[in-house]
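Before any comments, here is the structure.
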Amino acid sequence: TIGVVPTFGVTYTGNYEFPQPLHDALDKFQADTGIDIDMHIDAASGGFLAPFVAPDIVWDFRLPRVKSISASGHKFGLAPLGCGWVIWRDEEALPQELVFNVDYLGGQIGTFAINFSRPAGQVIAQYYEFLRLGREGYT
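Residues 1261 to 1399 in this note's numbering are what the sequence shown spells out, letter by letter.
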């Protein structure tokens, strides 16, 4: 097992696979076996809902085993289709196998995008919604 990935907001139902019980089970598993297993939260559908409608649910980086979270900005983040996000707890949690160092304008730049060149329209639209609505606009 390389990781546990609960779906936090199932696409068709909106149901949550609550990460806290899985996190606690992994703590017990590590205590029993010595095997340390990290978590990734697939919050494609719930990432733009839970923080605003259910802030008491602990599902994010408050859980020490959670190393990364993905969310789809185009679902409930009010961004155009194709806008998605992955964030890592910190730089150490980002696997170096995902980072490609490329020559760019005479220097080295690290990228972990699937395609290096892609339009930024979706990202700009998402950023605009963040600025326009603020946290209050998503609650």
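For each residue, glycine too, the CB sits at the ideal point set by N, CA and C.
Check: How long is the line joining the alpha carbons of G1397 and R1378, rounded to whole angstroms?; Outcome: 28 angstroms
Check: Measuring CA to CA, which of P1266, L1354, D1287 and A1303 is closest to K1335?; Outcome: A1303
Check: Strictly under 9 angstroms for the Cβ-Cβ distance: is L1358 near chain B by that measure?; Outcome: Looking for chain B here will not work: only one protein chain is present.
Check: Determine the closest residue to Q1280 out of Y1272, F1268 and L1309, with distance taken between C-alpha atoms.; Outcome: F1268
Check: Please state whether DSSP places I1210 in a helix, a strand or coil.; Outcome: Look at the range of the chain in this structure, 1261 to 1399, and you will see that residue 1210 is not part of it.
Check: From I1301 to G1381, what distance separates their C-alpha atoms?; Outcome: 26 angstroms
Check: Rounded to the nearest angstrom, what separates E1352 and P1340 at their Cα positions?; Outcome: 31 angstroms
Check: Given this structure, state the Cα-to-Cα distance separating T1293 from G1394, to the nearest angstrom.; Outcome: 45 angstroms
Check: With H, G and I counted as helix, E and B as strand and the rest as coil, what does DSSP make of V1270?; Outcome: coil
Check: Per DSSP, what kind of secondary structure is F1278 in: helix, strand or coil?; Outcome: coil
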